[in-house]
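Notes to accompany the following structure.
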Amino acid sequence: RLIGIPIISMRTPREAVDELRAAHAQGFRGVMLPGDPAVEDYDHVCYDDFWRLCVELGMPVSFHILTTKDGILERVRGSRLVHQIVTVRGLQNIIMMMILGGVFDRHPKLHVVCVESDAGWVPHFKFRMDHAYERHRFHLRAETLQNLPSTYFDNNIFVTFQDDYSVKQVKDGLNLERVMWATDFPHSDGTYPHSRQVMVDVTEGMSEAQRDNILYNNAATLYGIRA
6 RLIGIPIISM RTPREAVDEL RAAHAQGFRG VMLPGDPAVE DYDHVCYDDF
56 WRLCVELGMP VSFHILTTKD GILERVRGSR LVHQIVTVRG LQNIIMMMIL
106 GGVFDRHPKL HVVCVESDAG WVPHFKFRMD HAYERHRFHL RAETLQNLPS
156 TYFDNNIFVT FQDDYSVKQV KDGLNLERVM WATDFPHSDG TYPHSRQVMV
206 DVTEGMSEAQ RDNILYNNAA TLYGIRA
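The structure is reproduced here in structure tokens:
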């Protein structure tokens, strides 16, 4: 069973609203956005109507690695493998920008999914955002938020991973109701043909409820699928 996620072009926020309505009318359960919009960045208030409609229609927003120039076109040092490793930077930059830009204060029920970007980095990432906000927001003239940045991450951000073994090592620093396992089939980075064994390995040491959430419940709840 496949439920597609269409890509919204995001040439303008107004056009994106129309595309979102069309996607919902065709039965889609969510949408993906380009990492680099054509006009203002995603923390700008010009997108508020779009975010508001995403919440109203129950359409989570996905960002995928390799859909933004951040972390890909930048100069990196060493082996070409480094380019493959740093791809998660683009999604981290988008999430930081949306959280620190007050998007989730304005739209507390908006859900954003970081696709194929691993999850073990999340606890330290939350610490870095909180640290920067608490220590440096005044002299750097940052937005004043209602909560710490980590709170928005735990409430509004979903992450997906395939064989990131660090997830089980840092599970206490994650909101495990916002983590979703994926096969990434048939991509070369995926888990096929060992997916069932990978499921066992990456959830080792977790409770049955935690395993069920990560392996299917979270995705079923997010996309309104009867599991």
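The number in the numbering used here is simply the position in the sequence shown, starting from 1, with 5 added.
Cβ coordinates follow ideal geometry from the N, Cα and C atoms, glycine included.
Here the structure is a predicted model, which means the values were calculated and not measured.
| Query | Result |
| --- | --- |
| Using 8 Å as the threshold, is the stretch 160–171 in touch with the stretch 183–194, meaning 3 or more CB pairs across them? | yes |
| For the putative contact between P154 and I99, defined by C-beta atoms under 8 Å, what is the C-beta separation to the nearest angstrom? | Incorrect: roughly 14 Å between the Cβ atoms, too far for contact. |
| What residue range does the alpha helix (DSSP H) around W56 cover? | D53 to L62 |
| With burial defined as no fewer than 16 other Cβ atoms inside 10 Å of the residue's Cβ, what is the status of T92: buried or exposed? | buried |
| For T73, which of W126, D23, M211 and V120 has the nearest alpha-carbon? | V120 |
| Short check: CB of V22 to CB of D54, under 8 Å? | yes |
| Helix, strand or coil: how does DSSP classify S67 here? | strand |
| Run the CB neighbour count on G32, radius 10 Å, all protein chains shown included, and call it buried at 16 or more, exposed below. | exposed |
| By Cβ distance, which residues of its chain are closer than 7 Å to K173, with the 5 residues on each side in sequence left out? | V207, T208, E209, G210 and M211 |
| Rounded to the nearest angstrom, how far is the Cβ of T14 from that of G35, given a contact under 8 Å? | Per the sequence shown, the amino acid found at residue 14 is Ser instead of Thr. Going by Cβ atoms, the distance from S14 to G35 rounds to 16 Å, so no, they are not a contact pair. |
| Put V205 into one of helix, strand or coil per three-state DSSP. | helix |
| Assuming the contact rule is C-beta atoms closer than 8 Å, A43 and R19 should be a hit. Round their C-beta distance to whole Å, please. | 12 Å between Cβ atoms; not a contact. |
| Taking a contact to mean a Cβ-Cβ separation below 8 Å, would you say H29 touches P65 in this structure? | no |
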